[in-house]
Ligand code: 3PG
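Structure representation (structure tokens):
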């Protein structure tokens, strides 16, 4: 069997390939070469990128077997998460891989601005010895304003406090307690801009944050103030920044990110009071190794059909080992559920009964939906798009947990309503030391049948001779019955037979049997998961 294809579309740490291991065919492509990328995606199961490769709707559409997009870094501006989700493709990133590197580069920019290090270097390298031209300022006793006191903001705070600075921050999502713990004073944005000698911004790029530092904000700053942006291009309006720098509204700026990268003809590059680096925030050996190894692990999990803690478009997160065996079981129950349905389903309850209910079982809901929709839609169904498919079809979904389970240690049930037809339910459990997957209930009838590839479920009125009738029909059609079980309400009442058969049963045979026993329902179940 051929190995799954993992496409590496940008320069990544060699540790990435080591961490992927021998189970994949690793291919390389230049992700910025669009035609080459689209061609290479045609048989890729995973693609690994940094920020230069655009995985947009067109790229997703060019990748029919793609299961995971892995961003070896933090920012996902270059990945169309919505398109990926719709196509059932998991998107993962490495959310903490480069935060230390980003924090250190920020400190580097602040020091470069305070001491004119890049300009002084360039001058001396060109043969000059101009000491008085490069007199700087100390950080000691200055005020640093951090816009966005998240993980990177906190790391910068810790590092700068060693310089004896006062750190103030603006972040509407941070509590006063957290700020106090960091030794930071929380202030309004206006206050920060007025007071800070150095302002550094650490926000994601969203419609709200785009251009959040513009003419009005520069007008509030001190003429001696410096601004730094190593987060995302566009948070600082570049035209307004140019105006502020050329009119001496502020003293200088340090930039690692730009609206367009590379910034090509940006007039900012020519200004003497600007320090620029080419998006180097994550470009350290350590950050690249952490990012590469982290996404390699996620790709291994994702291609192994597992959920991934760092997936950004799948709910669930870390799965307890006790919950894990329930995933394939409930997926199969989902397939049984769909096989029992005779019209579109309008609601689905995924019920978890027993000790399992004490764990985080949200993954079982995703797995159940994946099973339910596998035979319903022609596209790939995954943990990623299964909830979306339910939503698009107007199916209401609930997860119900109940620690009580009288018969078995744990029972998983999928129960649902149909638009036209009776309610359906199917339950399963795992029994014995081998944790055998068993069906234990179908449409209210108790059974105990090991789950196999092919089953036939018949509901009819209990009366003598029925088994002989369907046995003869299947026998004549060459369908071997491997196991069977009958469950009935009461003698002469509604009965249900579950057969385990060795092969799929053609539709016309099913119809013969149905009329021969006058079944109220007769469904074939083929488990393909
Ligand atoms: C990130 O979002 O992780 C950083 O901006 C780094 O991007 P890069 O991997 O392209 O250097």
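In my numbering, the protein residues as written are 9 to 537. Think of the CB as a built atom: it goes at the ideal place given N, C-alpha and C, for glycine as much as any other residue.
Rounded to whole angstroms, the Cβ separation of residue 279 and residue 254 is 7 Å, and the two are in contact under 8 Å. Residue environment: residue 260 is assigned as buried (16 or more neighbouring CB atoms within 10 Å of its CB, all protein chains considered).
Contact between the region 356-376 and the region 413-427 is present: 3 or more CB-CB pairs across the two stretches fall below 8 Å.
Our two residues, residue 431 and residue 422, have alpha carbons roughly 11 Å apart in a direct line. Taking every protein chain shown into account, the CB of residue 252 has 16 or more other CB atoms within 10 angstroms, so this residue is buried. Rounded to whole angstroms, the gap between the alpha carbons of residue 408 and residue 369 is 10 Å. Proximity of the region 63-83 to the region 130-138 falls short of the contact definition, fewer than three beta-carbon pairs being nearer than 8 Å.
Where residue 367 is concerned, there is no enclosing alpha helix (DSSP H), because DSSP gives it neither an H nor an E.
Contact check for residue 375 against residue 391 passes: the beta carbons are separated by less than 8 Å.
Restricting attention to 297, 382, 531 and 201, the CA atom closest to the CA of residue 153 is found in 201. Judged by DSSP in its simplified three-state form, residue 507 adopts strand. For the pair residue 220 and residue 238, the Cα-to-Cα distance works out to about 15 Å.
For residue 284, the enclosing beta strand (DSSP E) starts and ends at 282-284.
DSSP links residue 54 through a beta bridge to 14 and 76.
Taking C-beta atoms as the reference points, residue 95 and residue 68 count as a pair closer than 8 Å. DSSP, read as helix, strand or coil, puts residue 332 in coil.
Annotation: the continuous beta strand (DSSP E) that includes residue 260 extends over 260-263. Its Cα nearest to that of residue 345, the residue 464 stands out among 55, 464, 13 and 192. When DSSP states are grouped into helix, strand and coil, residue 44 belongs to the helix group. The beta carbon of residue 302 sits no closer than 7 Å to any heavy atom of ligand 1.
Contact check for residue 233 against residue 208 fails: the beta carbons are separated by 8 Å or more. In the displayed model, residue 454 falls within a strand according to three-state DSSP. A check of alpha carbon separations from residue 299 across 308, 116, 101 and 286 identifies 101 as the nearest. Closest in C-alpha terms to residue 180, from the list 188, 191 and 195, comes 195. Rounded to whole angstroms, the gap between the alpha carbons of residue 264 and residue 116 is 11 Å. In the three-state reduction of the DSSP assignment, residue 360 falls in the strand class, which pools E and B.
Looking only at 267, 488 and 258, the smallest Cα-Cα distance to residue 213 is reached by 267. Remark: the shortest separation between the CB of residue 58 and any heavy atom of ligand 1 falls under 7 Å. Taking one beta carbon from each stretch, the region 332-339 and the region 436-444 have 3 or more pairs nearer than 8 Å; the two touch.
Beta bridge pairing from DSSP links residue 177 with 154 and 194.
Under the three-state reduction of DSSP, residue 297 is assigned to helix.
Nearest neighbour of residue 516 by Cα position, chosen from 530, 63 and 459, turns out to be 530. The three-state reading of DSSP puts residue 319 in strand, counting E and B together. Taking C-beta separations shorter than 8 Å and ignoring five residues to either side along the sequence, the partners of residue 533 in its chain run 343, 344, 347, 348, 462, 463, 464 and 465, following chain order. In this structure, 536 is the residue among 185, 536 and 472 with its C-alpha nearest to the C-alpha of residue 383.
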